[in-house]
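Each remark here refers to the structure printed beneath this line.
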DNA sequence: TATTGTTATACTCTATAACTATA
DNA sequence: TATAGTTATAGAGTATAACAATA
């Protein structure tokens, strides 16, 4: 009780800067402002880009495993893939051996588009990390990857599942 | 053209781990899952908490400057403050000298509630940063603060404005 | 004429449930 | 009975416009 009222004179910048939720939110918002421009021509925007990333770089997979991979609902995945397929960027093909499931594969156009957007996003990232030195950028990326990595991807299970379908994994 | 098709054999984890937007999104989502529990009793949830943070730690301010500070629309701010005021956590008082504006001040109950939620969020943050060593946690916080800090707060302008109203700033 | 706060409206995103066709 | 995909619907979150009171 002999102390002054807690934080009465503290600066707002310090208070918000101590809130990691606020820092992450502001950082993501700042990045999204730039990224939305890069992905605006892509059906589904940034989420469409993530689907394209997973389809282009992971093992060939079904809609459901893709949804689980990206932490999306399967109803959302349906709409995203509708848009990407209508734009000719990915293709739905039946899974031999399970006629319920559909295999999702990137087309050549989809791969090219993915690379185009990826390069634009790279510039957005450069701009975001501008206040850091090259060394610090690497450190930040490494630390962020470790923090984000704790809710693990379970990519192994996905590849195993997909390998039942194709062997080029 | 003599190169193999780009990224054909790359792992999905690597592809997503190279996407800073995805990393930030996953990290924020992971944090929010824990934080929502901490702020669930607070009107407005996490955004309500941020309003409370700004009101408790910054200079006394109007709704509009608070909204600008937090990057919210002023219509959203109205609803958030409606909830917080109904819960007795903050108080709207007229600004002497400008009868259009309303001053937002934290009540004693609001300050106590802010501290309670802040402590819970601290635990969520500890859990989020669990995969890092103590040194790395500090480094991550510092780097993130610098990255987030680039869209600057303009706290100075806010304090100046508020000091026209009160002098305890 | 511009600003503060409020209200109403619409649009996006997300979550849920129901339905089909397969297994 | 359970699973993959689709569709429809409702909810939250956000953005926009219009309004009243005041500067």
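Chains as they are written, first to last, in my numbering: chain X, 3 to 171; chain R, 3 to 171.
Ideal Cβ positions, reconstructed from N, Cα and C, are used throughout, including at glycine.
DSSP places residue 97/X in the strand class (E or B) of the three-state scheme. The alpha-carbon separation between residue 37/R and residue 43/R amounts to approximately 11 Å.
With a threshold of 8 Å between beta carbons, residue 150/R makes contact with chain X. A residue is called buried once 16 or more other Cβ atoms fall within 10 Å of its Cβ, and residue 139/R is buried on that count.
Residue pairing from DSSP places residue 64/R in a beta bridge opposite 105/R. Our two residues, residue 136/R and residue 147/X, have alpha carbons roughly 16 Å apart in a direct line. Those residues of the stretch 68 to 98 of chain R placed with their C-beta closer than 9 Å to a C-beta in chain X are 71, 72 and 73, ordered along the chain. Runs of the alpha helix (DSSP H) lying entirely within the stretch 14 to 82 of chain X, each at least 4 residues long, are 14 to 19, 22 to 40, 47 to 59 and 65 to 72 in chain order. The beta carbon of residue 90/R is closer than 7 Å to those of 109 and 111 in its chain, skipping five residues each way along the sequence.
Closer than 8 Å at the C-beta level to chain R, one finds these residues of the stretch 127 to 141 of chain X: 127, 130, 131, 132, 133, 134, 138 and 141. With a threshold of 8 Å between beta carbons, residue 125/R makes no contact with chain X. Residue range 136 to 150 is occupied by the alpha helix (DSSP H) that includes residue 136/X. If you draw a 10 Å sphere on the C-beta of residue 121/X, you find fewer than 16 other C-beta atoms in it, and that means exposed.
The residues 24, in chain order, have a CB closer than 6 Å to that of residue 18/X in the same chain once the five nearest residues on each side in sequence are set aside.
Residue 48/X is positioned such that its CB atom lies closer than 8 Å to that of residue 41/X. Only exposed fits residue 101/X, as fewer than 16 other CB atoms lie within 10 angstroms of its CB.
In this structure, residue 82/X places its C-beta atom within 8 Å of the C-beta atom of residue 53/X. Between residue 84/X and the set 72/X, 114/X, 144/X and 104/X, the nearest pair of CA atoms involves 104/X. Per DSSP, the unbroken alpha helix (DSSP H) holding residue 111/R starts and ends at 110 to 130. For residue 51/R, same chain residues with a beta-carbon under 7 Å away, outside a window of 5 residues either side, are 41, 44 and 119 in chain order. Taking C-beta atoms under 8 Å as the contact rule, residue 79/R and residue 68/R qualify, at a distance of about 6 Å.
The Cβ of residue 21/R sits closer than 8 Å to at least one Cβ of chain X. Scanning its chain for C-beta atoms nearer than 6 Å, with the 5 sequence neighbours on each side dropped, one finds no residue around residue 29/R. Not one beta carbon of chain X lies nearer than 8 Å to the beta carbon of residue 103/R.
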